[in-house]
Amino acid sequence: MPIPVNCPCETGSPYEMCCGMYHNNPGTAPTAETLMRSRYTAFALGNFDYIAATQKLTDEPNQSASDIQDSNEKTKWIKLEIHSTEEGLEKDKKGLVAFSAHFKEGKHIGRLSERSLFKKIKGQWFYTSGEHDIQKNTPLINSEAMKVGRNDPCLCGSGKKFKKCCAAH
92 MPIPVNCPCE TGSPYEMCCG MYHNNPGTAP TAETLMRSRY TAFALGNFDY
142 IAATQKLTDE PNQSASDIQD SNEKTKWIKL EIHSTEEGLE KDKKGLVAFS
192 AHFKEGKHIG RLSERSLFKK IKGQWFYTSG EHDIQKNTPL INSEAMKVGR
242 NDPCLCGSGK KFKKCCAAH
């Protein structure tokens with residue numbers, strides 16, 4: 092998938108100055124929220140090696156990048172909303188990030204809502220587990236940032252025009 096100009100994590104920053112820095116240097120995200128945003132962006136861009144490198148799952152410790160790809164290759168991530176963070180700052184050892192991530196699979200849209208747990212191990216943040224709920228066929232919450240014309244690039248970062256990507260029915 093082509094690298095988008097604006098970072099998919101919704102900060103409004105260019106990808107290379109946002110999550111791209113962490114994708115190029117796994118283990119350098121300074122906070123739990125930064126790691127969460129960079130992981131979302133990695134899912135959106137199909138960077139499954141980064142996902143595998145930044146997790147230490149309590150229930151699936153041996154999950155590989157190909158396992159992650161197999162379960163996510165048909166999902167197109169289109170919008171991230173951070174709801175809250177607890178701890179997870181540079182000096183903390185654990186953190187929690189609550190978020191919603193909107194997605195498209197085929198002609199269906201949905202929303203993954205999760206409370207993600209992170210731990211800092213030897214100075215590096217890792218995703219360890221999360222409680223999540225998946226809602227199918229949800230309305231996509233529109234915001235000013237989401238307004239896009241038919242001929243504009245799609246918000247999902249595919250590089251296609253909106254009318255040929257997420258707007259196609």
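Using my numbering, the first residue of the sequence shown is number 92, and each one after it goes up by one.
Note that CB positions come from ideal geometry on N, CA and C, so glycine has one too.
- CA-CA distance, residue 143 to residue 208, rounds to 15 Å.
- In this structure the segment 166-184 touches the segment 194-211; the number of beta carbon pairs closer than 8 Å is three or more.
- Residue 140: member of the alpha helix (DSSP H) spanning 139-144, first to last residue.
- Between residue 202 and residue 226 the beta-carbon gap is near 5 Å, inside 8 Å, which marks them as a contact.
- In the three-state scheme derived from DSSP, where H, G and I count as helix and E and B as strand, residue 126 is classed as helix.
- Between the C-alpha atoms of residue 224 and residue 252 there is a straight-line separation of about 30 Å.
- Secondary structure within the segment 187-237: the beta strand (DSSP E) runs of 3 or more consecutive residues, fully enclosed, are 199-212, 215-227 (chain order).
- Spatial neighbours of residue 165 in its own chain (CB-CB distance under 6 Å, excluding positions within 5 residues in sequence) are listed in chain order as 196.
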